[in-house]
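S.K.: To start, I am sharing the structure in question, which I have written as structure tokens.
Chains as they are written, first to last, in the numbering used here: chain Y, 1 to 727; chain H, 728 to 878.
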């Protein structure tokens, strides 16, 4: 494990305009949202705000506004990132309000993805708070004409040794005019009073009272509502359309083809329906008559499966990691075990369907909505419209889920195209059917894993991936069991497809972790070793390798720690009630180590997951209340998609369009979850994704104990149902 | 287009809409009550749950013409200030992740507790089973409903 040196964006600390009038601040965000309670309790509204740096401003009454730079998709960064600033600033959390910052060059990486917001923001957020605190101290020292070293700051107050004190509010205007200090001292984790404490979601009041927080809630002067009809199958293009009936719908203003690109010689292949209400736009779409070309290169799941299996028997396009000599290990083995694991495409199904607001005018464009990649959107829309990026503004709403889908701003670029064509501000709304059938799916993938056993040890391990459109990310070949097995190789094969695919929560590992963790369960059985002990032994073997090999991604020690913790808390191998079965799984991803034990029973030949016990090492836990929520959610998501998630294509046409055809996990299927964090002073790592990958393996291993059936394909429910039919 | 007088959160509203317009879109687009969410449009996810004469119903499939003079309550009208015991329990358990489904969850829970003020854990799960939470906050939802039932 390497400590990553974050490049701090110095621009964040450059001096801003010294004074910011209150008019700028007391806008929509402030008055309408959850911060209202705090203002009420203070019983006075701030009159003047002083911007200390890009991350924060302080009012004359001591109120602090902290900007949350990253998009909020439910991973809680809008609460947790400002907590880090507030900690180093040393201010009472009750005096803090949070604003979603706009897209700005002041901040690095305004992205929600890869579970990296906290990890990559850690240093700059701390420095933002600490720098501001030092400036407040310097301001006080200047007033008192003493050395700043003789001043201390605590809970919004600067003090000297003689008992003099000034509040942050009193100091803010002077502090804002001072030099920005180059080097500031950060707190020792033992001094933390906000980080590591449970703080409720900053938007909770707005959420529970139904305030307009989400992209779909956008209202602007003169705004029209748009839907779009897109090709029903991948590979089809628009031939012609008849809009007579659509235009007859009350409220429909325009029906217009779009989506082409003259430069690229692409013809329009979508039709926008623009109306005075969402319902009119939906109705217009329903009655719009379009003719589509016969799908060229139409793709179907059975053909994908055949092609992918065939590819696994060919030379790989790349072998990103090769240790020792697997051929020799297999040749000398007592036994060779080979298994094939198969994963379907998956839609993301964010509960807030894709949508975006766009208002394109001659020389500028305003965009607003739910997007994980606002910078990408700004650049892409600017290029598409021939505008300078600085003339394209992209505002970030709170998002009704992301899961990777909103990394791809196709809906934002569509909204911009439509707004330009109809010359009006528009809110583009996907119906659920649009959302599920015009997706950016998790690519289908297959893993063939082969291991050699000799003299009671695993001597060789060969992982072959075949995936649609893109292979595993570059770090993944260096995850466990790399380093733990002397002869180890990863091969990659690729199937190109015209189906749009992309990142889906914990890309690749969301399935690979199940495949490997179920495979190791089988190996443990073959070797007649306890499944937990096998992992601990392999990690012991990995230690000397990881110490030398910079490429090894995980820490064998930290992995052993979470495994031991979960074994203890999850009553591994202790007597359980009759009919209760356990499964174990552990996985490192997004810089975080996780181990899980599932307890389940079989009811009518189907698993009922009763409980999942989880141990996590994510370094310092910034906000335990929210961190636990993330871990719980990842486990529920992992179980849900492993059990039920299925999606396929027939001649390019998606197999499901709405929730009556696509099963998501529901309330009664969610197990009880117990989360244990490893105490740590290490810098925080990812948490939005890492609890998901191990979940599928934990339940598959428990299902095997209960039924004797190994599972090689997701969703599990299909294999379990078909074996039940055979009985 | 027809004229309708709707009783929403205790106030009368005049709206003009096609008779097949789901009440969801009347609330959201015409009355600017956007707390009621669109999730699926086919009564499968529960994000649009509202109360009609105290019963939890899916606004996405209920046409405006079927409402008549029935009293509609949306999340905005459940309480003046978020003080309903169910809303308070949601705060206590810090239920939401993304938050999108939660107004529907709260409306389902509030109607359920009115009919069954002291439910068992199994009854809570059963009552909440029709509302999808894509983030998987189900355990917190159940704990919050339990807390609200103890008020």
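We put the beta carbon where it would ideally sit given N, CA and C, even for glycine.
(1) Helix, strand or coil for residue 559(Y) per DSSP?
(2) Rounded to the nearest angstrom, what separates residue 852(H) and residue 204(Y) at their Cα positions?
(3) Where does residue 19(Y) fall in DSSP's three states?
(4) Which one of 464(Y), 458(Y), 383(Y), 453(Y) has the shortest CA to CA distance from residue 446(Y)?
(5) Any idea if residue 190(Y) is buried or exposed, counting beta-carbon neighbours within 10 angstroms, 16 or more meaning buried?
(6) Quick one: which chain H residues come within Cβ less than 7 Å of residue 69(Y)?
(7) Measuring only between beta-carbons, confirm whether residue 734(H) sits less than 8 Å from chain Y.
(8) Going by other Cβ atoms of all chains shown within 10 Å of its Cβ, with 16 needed for buried, is residue 643(Y) buried or exposed?
(9) Using a Cβ-Cβ cut-off of less than 8 Å, list which residues of the stretch 756 to 778 of chain H approach chain Y; keep chain order.
(10) Can you list, in chain order, the residues of its chain whose CB lies under 8 Å from that of residue 705(Y), leaving out five sequence neighbours each side?
(11) Below 8 Å on the Cβ atoms is my guess for residue 699(Y) versus residue 639(Y); work out the distance and round it to an integer in Å.
(12) With 8 Å as the limit, tell me which residues of the stretch 634 to 652 of chain Y have their beta carbon closer than that to any beta carbon of chain H; keep them in chain order.
(13) Work out the CA separation of residue 63(Y) and residue 43(Y) for me, nearest whole Å.
(14) Count the other CB atoms, across all protein chains shown, that sit within 10 Å of the CB of residue 344(Y); report buried if there are 16 or more and exposed otherwise.
(15) Report yes or no: do the stretch 443 to 463 of chain Y and the stretch 325 to 343 of chain Y share at least 3 C-beta pairs separated by less than 8 Å?
(16) What beta strand (DSSP E) runs, 3 residues minimum, are completely inside the stretch 454 to 539 of chain Y?
(17) I believe residue 789(Y) touches residue 195(Y) by the beta-carbon criterion, under 8 Å. Please report the beta-carbon distance rounded to the nearest angstrom.
(18) Consider the Cβ of residue 279(Y): report whether some Cβ of chain H lies at a distance smaller than 8 Å.
(19) So, using beta-carbon positions, are residue 615(Y) and residue 562(Y) closer together than 8 Å?
(20) Just list the alpha helix (DSSP H) runs in the stretch 160 to 237 of chain Y, keeping only unbroken ones of 4 residues or longer that don't cross its boundaries, in chain order.
(21) Smallest Cα separation from residue 454(Y): which of 328(Y), 163(Y), 468(Y), 148(Y)?
(22) Please give the ranges of any beta strand (DSSP E) in the stretch 558 to 601 of chain Y, keeping only runs that are unbroken, at least 3 residues long and fully inside the region.
(23) Go ahead and pull the three-state DSSP assignment for residue 395(Y).
(24) I'd like to know whether the C-beta of residue 40(Y) is nearer than 8 Å to at least one C-beta of chain H.
(25) Please compile the residues from chain H whose C-beta is within a distance smaller than 7 Å of the C-beta of residue 350(Y).
(26) Could you give the first and the last residue of the continuous beta strand (DSSP E) run that contains residue 357(Y)?
(27) If the cut-off is 9 Å on Cβ atoms, which residues from the stretch 659 to 690 of chain Y count as contacting chain H, listed in chain order?
(28) Does any residue of chain Y have a CB that is nearer than 8 Å to the CB of residue 830(H)?
(29) Please report the distance separating the alpha-carbon of residue 153(Y) from that of residue 159(Y).
(30) Would the stretch 364 to 383 of chain Y count as touching the stretch 391 to 407 of chain Y if we require 3 or more Cβ pairs under 8 Å?
(31) Which of the three DSSP states, helix, strand or coil, is assigned to residue 776(H)?
(32) Just checking: is the beta-carbon of residue 32(Y) within a distance shorter than 8 Å of some beta-carbon in chain H?
(33) Check whether the stretch 825 to 833 of chain H touches the stretch 763 to 777 of chain H, counting contact only when three or more Cβ pairs, one atom from each stretch, lie closer than 8 Å.
(34) Among 536(Y), 170(Y), 359(Y), which has the Cα closest to the Cα of residue 60(Y)?
(35) Should residue 174(Y) be flagged as near chain H, meaning a C-beta pair shorter than 8 Å?
(36) Less than 8 Å between CB atoms is the rule here; does residue 809(H) satisfy it with respect to chain Y?
M.R.: On the basis of the data shown:
(1) Three-state DSSP puts residue 559(Y) in a helix.
(2) If you take the alpha carbons of residue 852(H) and residue 204(Y), they lie about 23 Å apart.
(3) Bear in mind that a pLDDT of 36 at residue 19(Y), under 50, signals an unreliable position, so the number given afterwards is only what the model happens to contain. Under the three-state reduction of DSSP, residue 19(Y) is assigned to strand.
(4) Ranking 464(Y), 458(Y), 383(Y), 453(Y) by Cα distance to residue 446(Y) puts 464(Y) first.
(5) Exposed, since its Cβ has fewer than 16 Cβ neighbours within 10 Å.
(6) Neighbours of residue 69(Y) on chain H: none; closest Cβ ~18 Å, over 7 Å.
(7) So, not an interface residue.
(8) Around the beta-carbon of residue 643(Y), 16 or more other beta-carbon atoms lie within 10 Å, marking it buried.
(9) The stretch 756 to 778 of chain H vs chain Y, Cβ under 8 Å: 756, 757, 759, 760, 761, 762, 763, 764, 765, 766, 767, 768, 769, 771, 772, 774.
(10) The beta carbon of residue 705(Y) sits closer than 8 Å to those of 581, 582, 583, all from its chain and outside the five residues before and after it, given in chain order.
(11) Residue 699(Y) to residue 639(Y), Cβ: 6 Å. Contact.
(12) Answer in chain order: 634, 635, 636, 637, 640.
(13) Here the model assigns residue 43(Y) a pLDDT of 42, short of 50, so the residue's position is not dependable, and the following value carries that caveat. Rounded to the nearest angstrom, the gap between the Cα atoms of residue 43(Y) and residue 63(Y) is 12 Å.
(14) When all chains shown are included, residue 344(Y) counts as buried.
(15) Yes, the stretch 443 to 463 of chain Y touches the stretch 325 to 343 of chain Y.
(16) Whole beta strand (DSSP E) segments, 3+ residues: 457 to 468, 487 to 495.
(17) This structure does not reach residue 789(Y), given that chain Y is present from 1 up to 727, and the question cannot be answered.
(18) Closer than 8 Å: yes.
(19) Yes, the pair counts as a contact, with Cβ atoms nearer than the cut-off.
(20) The stretch 160 to 237 of chain Y contains these whole alpha helix (DSSP H) runs: 168 to 176, 204 to 208.
(21) Comparing Cα positions, the closest option is 328(Y).
(22) 581 to 589, all fully within the stretch 558 to 601 of chain Y.
(23) In the structure shown, residue 395(Y) sits in a strand (DSSP, three-state: E or B).
(24) At residue 40(Y) the pLDDT is 41, less than 50, meaning the model places this residue with poor confidence; the figure from the coordinates comes in the next sentence. No, residue 40(Y) lies away from the interface with chain H (no Cβ there is under 8 Å from its Cβ).
(25) For the C-beta of residue 350(Y), the chain H residues within less than 7 Å are, from N- to C-terminus, 861.
(26) Start and end: 355 to 360.
(27) Cβ contacts with chain H come from 659, 660, 664, 665, 666, 667, 668, 669, 670, 671, 672, 673.
(28) Residue contact with chain Y for residue 830(H): present (Cβ-Cβ distance below 8 Å to some residue of chain Y).
(29) Taking C-alpha positions only, residue 153(Y) is separated from residue 159(Y) by approximately 6 Å.
(30) Flag = yes, the stretch 364 to 383 of chain Y and the stretch 391 to 407 of chain Y touch.
(31) Here residue 776(H) sits in strand by DSSP.
(32) Because residue 32(Y) carries a pLDDT of 32, less than 50, the predicted location of this residue cannot be relied on, and no value is offered for it.
(33) Flag = yes, the stretch 825 to 833 of chain H and the stretch 763 to 777 of chain H touch.
(34) With distances taken between CA atoms, residue 60(Y) lies nearest to 170(Y) out of 536(Y), 170(Y), 359(Y).
(35) So, not an interface residue.
(36) Nearest CB-CB separation between residue 809(H) and chain Y: below the 8 Å threshold.
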